[in-house]
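Numbering (full-length UniProt numbering), first residue to last: 1 to 343.
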Amino acid sequence: MKVKNTSTLSKKIVKSSIVFSCILLSYLTISFSLIFWPSKLPFSLIHHDVNNANHNEPLNFDGQYMTVAARDGTSLYLRKIGPDSQRVIVLIHGIASTHQTLINTATQLHEATGAQILLPDLRGHGFSQGNNFDVAYIGQYEDDLEDILLYLTSKANVSSKGPYRHIIIGGYSMGGGITMRYALTDNKPDVDGYLLFAPNFGEGPTQRKASGDMAGNSPIFFNKTRMIGLLMLNTIGINHLDSLTIMYFNFRPHMMAYSYSSIMSAQPNRPDTTDKALLNIPQPLIAIIGQEDEVFLASAYPNFILENSALGSVELIKHADHMSILSNPQAIAKATAWVRANF
Numbered sequence: 001m002k003v004k005n006t007s008t009l010s011k012k013i014v015k016s017s018i019v020f021s022c023i024l025l026s027y028l029t030i031s032f033s034l035i036f037w038p039s040k041l042p043f044s045l046i047h048h049d050v051n052n053a054n055h056n057e058p059l060n061f062d063g064q065y066m067t068v069a070a071r072d073g074t075s076l077y078l079r080k081i082g083p084d085s086q087r088v089i090v091l092i093h094g095i096a097s098t099h100q101t102l103i104n105t106a107t108q109l110h111e112a113t114g115a116q117i118l119l120p121d122l123r124g125h126g127f128s129q130g131n132n133f134d135v136a137y138i139g140q141y142e143d144d145l146e147d148i149l150l151y152l153t154s155k156a157n158v159s160s161k162g163p164y165r166h167i168i169i170g171g172y173s174m175g176g177g178i179t180m181r182y183a184l185t186d187n188k189p190d191v192d193g194y195l196l197f198a199p200n201f202g203e204g205p206t207q208r209k210a211s212g213d214m215a216g217n218s219p220i221f222f223n224k225t226r227m228i229g230l231l232m233l234n235t236i237g238i239n240h241l242d243s244l245t246i247m248y249f250n251f252r253p254h255m256m257a258y259s260y261s262s263i264m265s266a267q268p269n270r271p272d273t274t275d276k277a278l279l280n281i282p283q284p285l286i287a288i289i290g291q292e293d294e295v296f297l298a299s300a301y302p303n304f305i306l307e308n309s310a311l312g313s314v315e316l317i318k319h320a321d322h323m324s325i326l327s328n329p330q331a332i333a334k335a336t337a338w339v340r341a342n343f
């Protein structure tokens, strides 16, 4: 009887193993089919740089920039607006751009508050080193931000009268999403506040519902099929293909192709969504967004932030959209008042 039971158990194990193997093989087949399904870009390329490494050299702005070494040795470029100050604001640019899109905003903030504004180029962007529009792993952008802040805090600790006594971080669009990911990390250098312009909060009430495929004449293409396949692989712990591109911006002077790992690093993702990030921020926070923002749902920001943030506030700016929020006088005035009131 015992031998029979053992034989029956062995057969069940073998059968279960075969079933599991078949399910796994089917899962992998579907995943790889989605990832490598033929996809044609809906536009003619303006220009595509086959060199995947960013080796740009920064221009000489008479000492108005500095570089910080990330933990992997990558050199990160930061443009400095204004001299060293006890109050510094680190602002991260959005997707498909560089620090240059924030220079006008930063200049106005510096003139109005006296704070020094530091504008990093994300790795693989602008003058920072790294593979173009890619990261080695999901979350490397917030690790780079942490390395920048470690540099600033070490400089602040040299002297009680030195610079960088109050550090505010934030950014625009994707840059705002990266700061929210930073808020979710453990054992990070403390900051004093979060300043966000039209931030990418990712999945949640501020995310607009997809309205189908973009028009054929759109300069932006998102490969949803490949995205789903890579998500399936990541769900079972396979991330070796995360550097494959899934989002394309056909903007002058050349097309920018973003990897899966880069896009996933642009905002909090499940299970650690932005509501958890907001709950993890005890410092003052402000989100400034245009009422006519065409990328995110502006009307959803006030309740979402007020319900999840201890010291959070929201400013909805009339007659401003996703891009014009950066140059809107009222938006700059709201940011200036918040900085002065809290720091």
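We treat Cβ as the ideally placed atom computed from N, Cα and C, and that holds for glycine.
Check: What residues match up with Arg79 in a beta bridge as DSSP calls it?; Outcome: Tyr65, Leu119
Check: According to the neighbour-count rule (16 or more other Cβ atoms, all chains shown, within 10 Å of its Cβ), is Ala215 buried or exposed?; Outcome: Confidence at Ala215 is low in this model, with a pLDDT of 49, below 50, so its placement is unreliable and the value that follows should be read with caution. Label assigned to Ala215: exposed.
Check: Taking the C-alpha atoms as reference points, what is the distance between Ser97 and Ala198?; Outcome: 15 Å
Check: What's the C-alpha gap between Leu41 and Thr113?; Outcome: 45 Å
Check: In angstroms with no decimal places, state the Cα-to-Cα distance between Ile325 and Asp190.; Outcome: 28 Å
Check: Is DSSP giving His110 helix, strand or coil here?; Outcome: helix
Check: For the region 284 to 304 and the region 72 to 82, state whether three or more C-beta atom pairs, one from each stretch, are separated by less than 8 Å.; Outcome: no
Check: Would you mind sorting Asn217 into buried or exposed? The rule is 16 or more other CB atoms within 10 Å of its CB.; Outcome: exposed
Check: Please determine, among Ser16, Ser10, Phe32, Lys11, the residue with the shortest C-alpha to C-alpha distance to Met232.; Outcome: Phe32
Check: What is the DSSP secondary structure of Arg181, counted as helix, strand or coil?; Outcome: helix
Check: Take Gly290 as the anchor and find which of Leu311, Asn280, Met323, Arg340 has the nearest alpha-carbon.; Outcome: Met323
Check: With a floor of 4 residues, list each alpha helix (DSSP H) that falls wholly inside the region 274 to 320, ordered by position along the chain.; Outcome: 274 to 279, 301 to 308
Check: For Thr245, list the residues DSSP reports as bridge partners.; Outcome: Ser259
Check: Return the bridge partner residues of Ala53 from the DSSP annotation.; Outcome: Asn131
Check: Over what stretch of residues does the alpha helix (DSSP H) that includes Tyr194 continue unbroken?; Outcome: Element bounds for Tyr194: not the alpha helix (DSSP H) but the beta strand (DSSP E), 193 to 197.
Check: On the three-state DSSP scale, how would you describe Gly170?; Outcome: strand
Check: Classify Phe251: buried if its beta carbon has 16 or more other beta carbons within 10 angstroms, exposed otherwise.; Outcome: exposed
Check: Less than 6 Å between C-beta atoms, sequence neighbours within five positions excluded: which residues of the same chain meet that for Ala331?; Outcome: Ile288, Ile317, Ile325
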